[in-house]
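Here is the structure we will look at, set down as structure tokens.
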Amino acid sequence: MLQIDMKYQWRDFVADYQVSFSTGMHCIVGASGGGKSTLLALLGGYLRGEGKVTYNGAQLEHLAPYERPMTTLFQSDNLFPQLTVWDNVAIGVAPNRKLDSEQHQKVLFSLAQVGLEGFKDKLPHTLSGGQAQRVAIARTLVRNAPILLLDEPFSALDPDLREAMLRLIQELTLANDWTTLMVTHQPYEAQQLEARVVNVNAGRICE
């Protein structure tokens, strides 16, 4: 169980979140500027607030983002342009990209899961938008973190590709027992994904 009980203030904006997330899909909805991305940033450790973030009883708020049991996908795919698809995924499990046999198999498995096993030697600039996002998802898979935070990573994709990416995330969440939180401006996606809806308004949770 992922839980947050935290306050955060930036200028005139004051957020106060108390909410729990179980395994499965959760869609974070609400008006622009309401605090959806702030919630994810506090959970991920990209912003510091006052209070607690816990996962299965362990406190996380003192940990840096890379130390938390979670991965974040932003609107940008955040791929390294000079690295191949293989290395962009491998860096998720070994920053120096020197893999042992088990890590090598993890990268192979992750690329296969997103249908990119034949793209391992390609550079990011040769990929389509959907393929680049699949590389980012594969890097998430290889980390094997139980929590996935999605801050509208597919918003720039065309509708068909966006739907395909959402289906992939849903399948991976179910297969791996992830706790997945997705910020979206499209409430119908929650129904499509059979997800719990968490409404955020003016820095408060309104379920």
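UniProt numbering applies: residue 1 is where the sequence shown begins, and numbers increase by one.
A virtual CB, placed ideally from N, CA and C, is assigned to each residue, including glycine.
Secondary structure of residue 50 (DSSP, three-state): strand.
Fully enclosed beta strand (DSSP E) runs of no fewer than 3 residues occupy 147–151 of the stretch 101–164, in order along the chain. Residue state for residue 186 is assigned as coil, using DSSP reduced to three classes. In this structure residue 109 is exposed. Its beta-carbon is surrounded by fewer than 16 other beta-carbon atoms within 10 angstroms.
Distance from the CA atom of residue 150 to the CA atom of residue 143, rounded to whole angstroms, is 15 Å. Inclusion of residue 140 and residue 23 in the CB contact set at 7 Å is not warranted, their separation being larger than that value.
The beta carbon of residue 165 is closer than 7 Å to those of 130, 133, 154, 157 in its chain, skipping five residues each way along the sequence. As a beta-bridge residue in DSSP terms, residue 58 pairs with 55.
Under the 8 Å Cβ criterion, the stretch 13–30 counts as touching the stretch 194–206, having at least three qualifying pairs. Note on residue 98: under 16 other CB atoms within 10 angstroms of its CB, so exposed under the neighbour-count rule. Between residue 107 and residue 135 the beta-carbon gap is near 11 Å, outside 8 Å, which marks them as no contact. For residue 46 against residue 69, the beta-carbon gap comes to about 15 Å, at or over 8 Å, which does not count as contact. About 12 Å separates the beta carbons of residue 41 and residue 203, which is beyond the 8 Å limit, so they are not a contact pair.
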